[in-house]
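Residue numbers (this note's numbering), protein chains in the order written: chain A, 728 to 1207; chain B, 728 to 1207; chain C, 728 to 1207. C-beta: ideal position from N, C-alpha, C; glycine also.
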C-alpha cells in the first residue's frame, strides 16, 4: 500500500502543479488525493461537497466570525490544518484508532461512517447538546425497553429479521452498525478490499456508530453539503415525522405557518446566521421553534440555538399512552413505574414524577417557545393558544384513559390476555387510540393543523374507536 | 393615559424629525407611534407589514389605478387620510365604538380583532360579496342547525368544551370571540391592561367578531402582509380543505393542474391584477377558478372577481348526505325539509327545491366556470369533463342513498335508534359513506384527481362500506 | 369551406405582412392561421406553446444538436418543413387519413387527439421504447384480463358505467376514445361542427387513440409546453402514483432524496440534456432513476435514456398478489398460470417463469440502476440498500401468502365462495393485504420512505390485517 501511496503522490503532484493548483491551495493534500479519483468514481458526492460551506471556509475563517454568526466552537489549538477547508480526508480519516470500520484505502486509514464524534472536533457544543436529546437514544431506548420489545413483536410479523428491522423502525431510530468482516470488490481502479458492514446504510437519529457514538448528524444535515438551509426547511423533519404516529409535518403543512412557508419560501433566507425574525423568515419552520438561534432586527437574541430538541418544549405529546412532562434524562428505558413497567406514567396515567421535569422547568421551556411566538403574535394570542394546547393535553389523556380502562377490564374479565399487552385485536385498537388518534389531535393543537384534530385521524376516530372497543367488550362479555 | 400619550408624542417627535422622517412621511403619525414600540416588541409583525402593499400604497394611489387593476372600491370622501398608507392605526383604531374589544392602549383606543367591517372601508365590494358566501355563515350554520349539534355531540366525545371546540371544528368554521374581562400583563414597557378574549386566537371563515360582523379576511389573506400572492396559491385553501371530508387540496395536488403548478409556480406571476391567463399563470389554482378576476392577453374579462365562492359553481358537492344545487341563501340553518330536518334534501335525497338555486342559475354559474376552462381547453374537452362530473354527482348520490336505506331499515327494525341519527356504529359508517367517500369521489371528478376516486377514500370504500353495512344489518337481524 | 379558407388567407396575408411577420417566419403558414384565431379563442394554449421549445426550435436545428443533447431521432428526409418550428398544424393536421377524429375545420383536416404516432415523426426512438413499456398496455391489460374484470366488478359498484370508469381507473390507465358522431356548437366565429368523442378528455398512459395507437405522451409531457422540466419533476408521476395501491410519490416525499429535492429544487437544472449528475441535479427524481439519460461531468454516459420504464428495474413490486420479476412482454393479459388464471404467479406465489425475465436480465437491469446510485453512494451503501430491498420482497411475499392461505381455507371450508374471488368482505381484506400494505412496504424499501414501511399503511397493517382475517375465519368456522 505504501507503494500505491507514493505512486499516487507522484501522479498527483504533476496534477497539483498544473493550472488548477492555485484554486486548490486551501484543500489539504490528503483531500486532494481523495478528490482525484472520487471526482470520477462518485461525481455526485464531490459536486455536492463543492457546493458546501465545508469546501469553501477554513476553520480559521469560521472561528473568526462574530459570535452570533459562528457555527464552530472548539479550542482551535486542538485542530491541525486550521488553514485548510474541511474535505474528505478531514472527516473520513479522523482518529482512525476509534473507528472499527477504519480500513486501508490507497494508503490511508479511512472510515466509512463519519460520526458525531468526528463532527465534534469543530462542532463541540452541538454534539454535547445532542447527547441530551432524546433522539440520540432512539436506538437504545427502543431496544432496551422490554415493553417496546413486546410492542414490536406484537406489531410486526416479520421481525426479528435484522434487515426488515433496519428497513422499518430503525430507518428513523437508527441501526447498530457492525463490522461483519471484509469484502473484495471490483472497482474502476482494480480490486479493492472494503469492510463489510451490517446495519448500513442508515441515517437514523440514534444510530450506534462503529466508534460507539450515538446518532448521525446526517439525519438532518444531509451529506455532503451539510446544508443549514436543508436542515432549516420542514422537509427534513418530514422524513421521520409524517406518519400517523407522529404527523408533525402533515399538521404543519395545513397550518397557517405552513401555508405561508410554502407560498413564500423563495423570498426567505434560510442561510443567514444568526437567523433574523421577520427579515430572514416571516413564518417559523420546525427549526425556528425547536432548534435555531433566533434574533430580532437589532441582533438581540430571542432564543439560543439548541440541539437538545426538547429544550423549548415542556410536554412530550407522542409515542406513549399519555402525554407527559418531558423526561429529565434521555435514557428512558431506565424508567420504572409502580407496576414495574418501563414507562414514565402508570397504565392509568399518573406521572412517574421523579423521572420527569418539574413544573418550574416546564414553565422555563414553554417560556422560551412563547418568546418566539411573541415575535409575531400579541400576548393574548399566545396565551390563548397555549391555553387551548394545555386543554388538549388534558382531554386527550382522558380519551386514552377511557381506552385503557376497556383493555384493563378485558384483561380482568379474561376476554383478553395481558401476557403481551399489545398483541390482540382489542389491544391494537387501544394502541391506535393513543399512538394515532390522540397524537394527531395533540399535534393539531400544538401547531394549528385543524383537520388533524377533527376528521383526519382526529377526534372523530378518538370517539369512534372507543365506541368500537366498547361494542367489542360488550359482545365478548355476552358470549364468553 | 393622557400623560403617557404626551410623553410619547414628545419622545416620538424627536424621533420623527431625525433622519428617517422623510421616508415615513406617508405613514400616519398614529401608525408611526405604534411602530416605534412594536418594531421591538413584535418585529415579525412589523417586518411583514413593511413587505406588504398596505405599507407602500396610499389609498389615493390605490384609487387612481385603472379599473381592472384596482383592488379598492369605496367613496374616497368617506375616508380620512387618503394620502397615508394603511398602517397599524388605520385598521386597529377604526370606529372604536363598534368594537367591544377596543381598549385604552397608550392613549389610543385600539382593538385587537380587525374585522371585515374594518376592511370594508376600502374593500367594500369584497366584503359585501363575502356576506353572500356560505363561508361567512360557517359558524352560525354549524351552531344553529340542531342536526349538526347532534352530529357534533355524537362524533366528538370531548365536546362541549369550548377550548376543544375552538381547536377542532371552529378552527376553520370560526369561533365566537367574546370579551371575558380584563387582564394585566407585564410587558417590556411595564404593566399594561388588555381585554381578556375567549375564542381567541382564530382565523376561521365564519368567525363572530367583537363588532358582531362575521368572518375573517385573514383566513385567506394572512396578516400582516395581506398578500394577494398567498391567497392565490393553493396552500391557503389547504388549511381547511384537505381532510377526508373535503379533500380539495389533495385532489388538486395529484391533478394535472396541480402537477404543473408545483413544477412551474416559480415562473408564474401571482401578483398581477388583473390576472392574465396564459401569461401570468398557465394553470389554475383554486383562486383562478373560484375567485379571481381573469382576463385574456387583451384585457378582455373572462370572469369577474367574486368573494362569493359559489358564484361559479352550481353544485354543492360536500358536507351533507347528497350533492345538491347550491342554496340560494347562505344561512342554511334556516332550511327545513318535509321531515322537519334542517337539510336542503330529504333523507332519501329529493331536493328541497324552494331553498336551492334553479336550473337556470346553475347553468349561469357553470358557464362562468366553463369560460375559464375554455381559456386552455377545447369545447369538446370541457363538455366531456362536465359530462363526467354530472354523472359522478348522480352515481355518488345513488351510493349515499343505498347507505341511507340500510340505516333507515336498521331504525325501522329496531336494531338501531334514531333519537340521535349519528351516534351508533352503523350510523357512523353511514356518515363516512357520504362525508368521506362520496365527497372524495366527487372532488376527484371535479378536479381531476384520479386515485381519490378509486382507492384513496374513493369508490373502493364506497362499495366496501356498503358491504360492511349490509353484513352488519344481516347479522343484527339474525341475532336480534 | 374552401371559400372560408380563401377569405382567411386573405385576412391573414394582410396580417402576415405587418410588422410582426419577421418574427414569425419560422412558423408555418398553416400554424399561423391556427394562431390567428386561437390566440383569442384559447389564449392559454397558445401562450403555453409559445413558452415551449416546439415554438422556438426548427427540426433542422434540433437535428443539428450534438448526439447527447439531441431529443429528436428520425430520418429528416421523411419530414417536410424541417425549417419550421413545431406548431399547431404540424401535429394536429398530420396524416389525417389515419385519424378517425379528423374533421373539417376552416378548410383544414384537423384531429383533436394527437397520438404517439404523431409524435413519432420526430421522436421515433421514444415512441418505439414506449410500446415495450407496461404503461402503453395499461388499458388493454386492464380490460382484457378476465381476472381484472372480476376485481373491478367486485370493487366498484357503479361500474359498468363508462363515464364513471373514465373518471376512475381509466383516468390513469387511459380510455378508449371513440367517435360517436358529430355535434354543432356555437363559437366566437359562428356555428361549427366538431366530432363527438367518447372517452374524452383523457391523458391516461394506455389510452386507445382514434388512430388505434396506444398511450398519450401528454401523460407526462403536458400540453402545450411539452416541457421536459415538468416531466423530470416528481409531481408528474404523482398524478397516478400516489394512492395506497402505488404510493411511490408519497414515499419519495419523505425520503432523504425527496427532502433534498423539495429543499433545493430551485438550485437544480431540470432542462439540460444530457442531464449531469451532481451538476444539474444533486438528488434523483423519478425520471433520474427510471427514464433520463444521465451523464457525469465529463459527459460519460452513466445510463441511457429509456421510455420503457422497467428497463432499469428487475422486480414488479405492485399491483398483484406477489412481487415478481418483470414480465418479458408488456401484454400481460395473455399470461396464464397453471390454474388458468391470467397471472404471472400461481395463487400461492410461484412464478410463471416462462413469461418473466430471467435472473441474468434481472441482474442487467438492477446493475443499470445501481450505476445511478453509485454516482453519489459508495459500493457498500448500494449493496446494503439492495440487500434490504430483496429481503423486503421476500418477506412481503410471505405476508401475502399468509393472507392467501386464509382465503384459500375459507373457500375450501365453504365460508366464502370463489366464484368471484374478490367480492366478499374477507376477500377484500385479502386484496388490501397485497394491494395496499405489501405494496406500501415495498415502495418504502425501494425508495427509503420509512413510515410507509411501518405505521403508514406499512407493516403495522400487514400484521393487523392477518390477525383480523384469522379472527374472522375462526369465528366463521365456529359459527358455520
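CB contact check: residue 872 of chain C to chain B, cutoff 8 Å: no
Assuming residue 881 of chain A and residue 1144 of chain A form a contact by the criterion Cβ under 8 Å, report the distance between their Cβ atoms to the nearest whole angstrom. At roughly 12 Å, the Cβ-Cβ gap does not stay under 8 Å, so residue 881 of chain A and residue 1144 of chain A are not in contact.
I'd like to check one pair, residue 960 of chain A with residue 1012 of chain A: are the Cβ atoms closer than 8 Å? yes
Beta-carbon contacts of residue 1123 of chain C that lie in its chain and below 6 Å, excluding the five residues immediately before and after: 1165, 1168 and 1169
For residue 919 of chain A, which of helix, strand or coil comes out of DSSP? strand
Tell me which same chain residues have a C-beta within less than 7 Å of the C-beta of residue 687 of chain C, skipping the five on either side of it? Outside the displayed span of chain C (728 to 1207) sits residue 687 of chain C, for which this structure offers no information.
Do you know how far the Cα of residue 1020 of chain B is from the Cα of residue 772 of chain A? 48 Å
Short of 6 Å in beta carbon distance, which residues of its chain neighbour residue 900 of chain C, apart from the five on each side in sequence? Order them along the chain. 865, 866, 869, 931 and 933
Residues of chain B with a CB under 8 Å from the CB of residue 983 of chain A: which are they? 930, 949 and 966
Taking 8 Å as the cut-off, does the stretch 979 to 997 of chain A touch the stretch 1035 to 1054 of chain A (at least 3 CB pairs, one atom from each stretch)? no
Taking the Cβ atom as the reference point for each residue, do residue 847 of chain A and residue 755 of chain A lie within a distance shorter than 8 Å? no
I want to verify the contact list: residues of chain A whose CB lies under 7 Å from the CB of residue 1115 of chain C, in sequence order. 890, 893 and 894
Output yes or no for whether 8 Å exceeds the beta carbon distance between residue 1220 of chain C and residue 777 of chain A. There is simply no residue 1220 of chain C to check, as chain C begins at 728 and stops at 1207 in what is shown.
Starting from residue 1078 of chain A, follow its DSSP beta bridges and name the residues at the other end. A:1072
What are the uninterrupted segments assigned as alpha helix (DSSP H) that are 4 or more residues long and contained completely in the stretch 1099 to 1144 of chain A, given in chain order? 1106 to 1139
So the beta strand (DSSP E) residue 830 of chain A belongs to, where does it begin and stop? 829 to 832
4 or more residues per run - each alpha helix (DSSP H) lying fully within the stretch 1025 to 1071 of chain B: none
Counting pairs of beta carbons, one from the stretch 1170 to 1177 of chain B and one from the stretch 1127 to 1139 of chain B, are three or more of them closer than 8 Å? no
Measure the C-alpha to C-alpha separation of residue 786 of chain A and residue 775 of chain A and round it to an integer number of angstroms. 19 Å
For residue 1134 of chain B, count neighbouring C-beta atoms within 10 Å of its own C-beta (all shown protein chains included) and say buried if the count is 16 or more, exposed if not. buried
Establish whether the CB of residue 745 of chain A and some CB of chain C are separated by less than 8 Å. With a pLDDT of only 45 at residue 745 of chain A, under 50, the local geometry of the prediction cannot be trusted, and the value read off the model is given with reservation. Not an interface residue.
8 Å is my cut-off, CB to CB: does residue 1026 of chain C come that close to chain A? no
What number of angstroms, rounded off, separates the C-alpha of residue 828 of chain C from the C-alpha of residue 875 of chain C? 29 Å
With distance defined between alpha-carbon atoms, name the residue in B:822, B:1050, B:1007 and B:801 nearest to residue 1162 of chain B. B:1050
Continuous beta strand (DSSP E) stretch holding residue 902 of chain B: start and end: Taken as a continuous stretch (DSSP letters only), residue 902 of chain B belongs to no beta strand (DSSP E), as it is neither H nor E.
Nearest residue (CA-CA) to residue 957 of chain B, options B:760, B:1142 and B:779: B:779
Inspect the CB distances between the stretch 1094 to 1109 of chain B and the stretch 998 to 1017 of chain B and report whether three or more fall short of 8 Å. yes
Using the Cβ count rule (16 or more neighbours within 10 Å means buried), how would you classify residue 1081 of chain B? exposed
From the beta carbon of residue 858 of chain C, is the nearest beta carbon of chain A less than 8 Å away? no
Do three or more CB pairs link the stretch 908 to 927 of chain A to the stretch 1107 to 1127 of chain C at distances below 8 Å? yes
Leaving out the 5 sequence neighbours to the left and right, which residues in its chain are closer than 6 Å to residue 746 of chain A when beta-carbon positions are compared? A caution first: residue 746 of chain A carries a pLDDT of 38, below 50, which makes its placement in the model unreliable, though a value can still be read off. Within the same chain, residue 746 of chain A has no close Cβ partners at all.
Using a Cβ-Cβ cut-off of 8 Å, state whether residue 1105 of chain B counts as contacting chain C. yes
Contact criterion: CB-CB distance below 8 Å. Does residue 808 of chain B meet it with respect to chain C? no
On the DSSP bridge assignment, give the partners of residue 850 of chain C in chain order. C:800
Partner residues on chain A for residue 924 of chain B, Cβ-Cβ distance less than 8 Å: 1107 and 1111
Of the listed residues B:1003, B:1002, B:1102 and B:1009, nearest to residue 994 of chain B (C-alpha basis): B:1009
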